[in-house]
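Chains as they are written, first to last, in the numbering used here: chain L, 2 to 477; chain S, 419 to 590.
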């Protein structure tokens with residue numbers, strides 16, 4: 002299962018537009034029949050290797066495989082233009098692997114430490130954690146925080162479709178039986194992301210890449226570069242883990258902040274954005290570590306750190322695994338399965354990427370019309386498995402149109418997913434808290450501390466937004 | 419770029435309608451059912467009005483392109499280099515393909531429509547040679563019958579044809 006997940010992750014990572022959210026939603030319908038250990042190993046295997054594989058198109062064609070490899074383009078592509086693509090990829094793969102291992106290490110350490118902490122948490126705290134995640138997506142929606150908040154709110158409204166948790170009342174069903182059970186995250190993710198990305202590739206025509214690829218030599222040189230810059234790798238990996246840990250951030254801000262850090266801490270900045278290997282190493286170590294970091298709040302608090310983790314959380318819940326206390330008590334073996342799958346997948350993926358770089362890169366030169374039918378088949382089939390109703394397919398089409406227009410109009414789509422997942426949880430925890438404590442839960446010390454953390458996170462998030470300036474300064 | 423400005427205003431209006439309905443759709447419900455949607459829709463309405471004002475102002479700008487260049491959201495970037503008319507005509511064409519596939523699934527079933535879709539899409543849209551079409555379509559059939567049906571036990575949408583021709587292995 003781990004190897005299957007790795008294979009899917011590498012393929013999806015290498016195909017621009019098909020990021021972790023798409024990969025997760027494509028795999029999701031097929032994990033229902035598997036045992037939780039096998040299913041989660043499959044999903045973790047896919048997640049763990051995405052940030053390793055997405056480097057290939059980012060370096061070769063200046064096309065980020067996922068949002069997490071955007072920063073890699075800044076120096077990776079100039080290196081490829083210089084005929085040092087092999088060096089850039091070698092450095093990126095090793096940095097990714099080390100970053101992933103550091104993320105897994107933090108995950109391992111955090112499990113026993115978090116255990117007594119989580120056991121003290123009440124539904125009111127979980128409600129506040131949901132609010133934290135919801136607030137963060139808006140703040141970190143690039144230079145358009147209002148749009149981020151609005152799309153997050155739209156996700157919350159979509160989560161409200163169907164039966165209310167506290168009372169027998171159906172909301173926004175338009176009289177349709179299909180909507181009474183609410184809508185599936187699989188359909189939302191496939192509709193908002195997968196089909197619009199495929200549509201854009203079809204619209205562009207030709208091949209995924211418009212540049213003929215040349216790898217050059219020096220994969221080993223790049224790996225030596227990564228080892229030579231071990232302190233930068235370690236720093237940015239730890240940075241990435243913490244950023245991934247904060248709900249709503251994920252690998253894209255992690256890689257930009259790490260890139261900014263590499264730039265700020267370098268004595269000689271003259272080669273950045275012209276082909277400095279440190280500009281490849283830093284974001285790659287950070288984006289992979291961020292994925293490990295994002296698993297921590299997902300497992301321990303039930304708060305997804307990213308859109309991908311939102312679907313992973315959904316998979317956990319559907320398999321009857323409740324994130325939170327259970328992951329540290331009765332489900333502790335499963336938690337460690339996830340941690341070690343993540344670590345092992347990173348090592349295998351780095352090795353595979355190094356050996357398979359040439360043939361995998363050729364995929365991006367395959368004419369888009371040759372693989373679109375395959376992708377469409379898998380997406381439609383996956384969508385239909387959620388409730389086996391024509392409503393699934395109709396909703397998929399409507400959400401695809403919505404997703405395409407959101408992209409076209411410059412509205413961020415990831416907050417919709419996080420809002421959608423957190424909406425259900427937030428409303429449930431709100432009603433449980435109110436039913437159990439009345440209004441007094443608002444005065445619980447933990448709730449007040451979390452309220453301060455939320456305010457601080459918003460402030461800190463607004464401060465990190467200037468990281469985008471790095472992009473402009475670098476000339477992109 | 420003027421067209422893109424209009425799309426942005428249009429989308430903001432759509433979002434306004436979403437939040438307006440979000441608040442209106444639950445107005446007659448009991449408190450327990452409406453508190454969450456109202457709590458979401460109310461700030462949504464305020465924020466979308468601000469966003470709409472900003473988008474309208476930008477659309478009136480003589481060169482909206484400059485404003486758009488400064489905007490960045492954490493998402494996969496959309497293609498702004500291709501002519502809008504080309505994007506919409508190709509986008510509509512792709513939509514027709516999907517609708518055609520849906521119609522095929524509804525009438526003759528998933529297992530029969532998919533090979534047709536593979537052949538037609540690759541041949542018509544991609545101008546693919548038969549040496550590519552045949553193996554890719556063959557591979558899809560292998561996945562449908564071996565991986566999806568036998569190994570994963572997936573379900574297929576019902577179709578009209580199976581009501582008239584009761585051959586379960588062909589449709590279900």
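Positions of the beta carbon are idealized from the N, C-alpha and C atoms, including for glycine. Since the structure is predicted, the reported quantities are computational estimates derived from the model, not experimental observations.
**Message:** Is there a Cβ of chain S sitting closer than 8 Å to that of residue 219 (chain L), yes or no?
**Reply:** no
**Request:** For residue 241 (chain L), count neighbouring Cβ atoms within 10 angstroms of its own Cβ and tell me buried if that reaches 16, exposed if not.
**Result:** buried
**Asked** Does any C-beta atom of chain A lie closer than 8 Å to the C-beta of residue 581 (chain S)?
**Response** Although the question refers to chain A, the structure presented lacks it and instead comprises the protein chains L and S.
**Asked** The alpha helix (DSSP H) with residue 543 (chain S) in it runs from where to where?
**Response** Taken as a continuous stretch (DSSP letters only), residue 543 (chain S) belongs to no alpha helix (DSSP H), as it is neither H nor E.
**Prompt:** Considering residue 375 (chain L), what are the terminal residues of the alpha helix (DSSP H) in which it resides?
**Reply:** 369 to 385
**Helix, strand or coil at residue 172 (chain L) [DSSP, three-state]** = strand
**7 Å Cβ cut-off: residues of chain L touching residue 465 (chain S)** = 147, 150 and 151
**Item:** Extent of the continuous alpha helix (DSSP H) to which residue 506 (chain S) belongs
**Value:** 502 to 526
**Message:** By the three-class DSSP mapping on this structure, what secondary structure does residue 164 (chain L) have?
**Reply:** strand
**Request:** Taking 8 Å as the threshold, find out whether the segment 222 to 234 of chain L comes into contact with the segment 511 to 528 of chain S through three or more Cβ pairs.
**Result:** no
**Asked** Rounded C-beta distance between residue 351 (chain L) and residue 97 (chain L)? I'm assuming under 8 Å.
**Response** 6 Å
**Asked** By the criterion of Cβ-Cβ separation under 9 Å, what are the contact partners of residue 558 (chain S) in chain L?
**Response** 374, 375 and 378
**Item:** 9 Å Cβ cut-off: residues of chain L touching residue 508 (chain S)
**Value:** 200, 203, 204, 205 and 206
**Message:** Please return the same chain residues whose Cβ sits closer than 7 Å to the Cβ of residue 303 (chain L), not counting the five positions on each side in sequence.
**Reply:** 127, 314, 324, 325 and 426
**Request:** With a cut-off of 8 Å on the beta carbons, I'd call residue 252 (chain L) and residue 195 (chain L) a contact; round off their distance for me.
**Result:** Not confirmed; about 19 Å, so no contact.
**Asked** Measuring CB to CB, does residue 93 (chain L) end up less than 8 Å from residue 60 (chain L)?
**Response** yes
**Message:** Rounded to the nearest angstrom, what separates residue 176 (chain L) and residue 429 (chain S) at their Cα positions?
**Reply:** 26 Å
**Prompt:** Taking C-alpha atoms, which residue in L:150, L:227, L:337 and L:84 lies nearest to residue 468 (chain S)?
**Reply:** L:150
**Request:** With 8 Å as the threshold, decide whether the Cβ of residue 368 (chain L) is near any Cβ in chain S.
**Result:** yes
**Asked** Would you say residue 297 (chain L) and residue 4 (chain L) are within 8 Å of each other, going by their C-beta atoms?
**Response** no
**Message:** Would residue 35 (chain L) and residue 28 (chain L) qualify as a contact pair, given that the criterion is a beta-carbon distance under 8 Å?
**Reply:** no
**Request:** Out of L:173, L:6, L:246 and L:384, point me to the one whose CA is closest to residue 51 (chain L)'s CA.
**Result:** L:6
**Prompt:** What is the residue span of the alpha helix (DSSP H) that residue 32 (chain L) lies within?
**Reply:** First-last for residue 32 (chain L): undefined, no H or E at that position.
**Prompt:** Taking Cβ to Cβ, would you say residue 156 (chain L) is nearer than 8 Å to residue 421 (chain L)?
**Reply:** yes
**Neighbour flag for residue 195 (chain L) against chain S, beta carbons, 8 Å** = no
**Request:** Would you kindly work out how many angstroms separate the C-alpha atoms of residue 349 (chain L) and residue 55 (chain L), rounded to a whole number?
**Result:** 15 Å
**Prompt:** Cβ of residue 544 (chain S) less than 8 Å from any chain L Cβ?
**Reply:** yes
**Item:** DSSP state of residue 325 (chain L) mapped onto helix, strand, coil
**Value:** coil
**Asked** Would you report the Cα separation of residue 467 (chain L) and residue 161 (chain L), rounded to the nearest angstrom?
**Response** Since pLDDT at residue 467 (chain L) reaches only 45, below the 50 mark, its modelled position is unreliable, and the value read off the structure follows with that caveat. Roughly 34 Å between the two C-alpha positions.
**Asked** Taking DSSP as the reference, what is the three-state secondary structure of residue 453 (chain S)?
**Response** helix
**Request:** Express the C-alpha separation of residue 414 (chain L) and residue 394 (chain L) in angstroms, rounding to a whole number.
**Result:** 20 Å
**Prompt:** Can you find a C-beta in chain S that's less than 8 Å from the C-beta of residue 210 (chain L)?
**Reply:** Interpretation of residue 210 (chain L) is limited by its pLDDT of 47, a score under 50 that renders its predicted location unreliable; the figure taken from the coordinates is listed afterwards. So no, residue 210 (chain L) is outside the interface.
**Request:** Could you say which of L:191, L:183 and L:456 lies nearest to residue 30 (chain L) if we only look at CA atoms?
**Result:** L:191
**Request:** Can you give me the start and stop residues for the alpha helix (DSSP H) that residue 225 (chain L) sits inside?
**Result:** 220 to 229
**Prompt:** How about residue 267 (chain L) and residue 237 (chain L): do their beta carbons lie closer than 8 Å?
**Reply:** no
**Request:** Quick one: list the residues of chain L neighbouring residue 426 (chain S), beta-carbon separation under 7 Å, in chain order.
**Result:** 410 and 411
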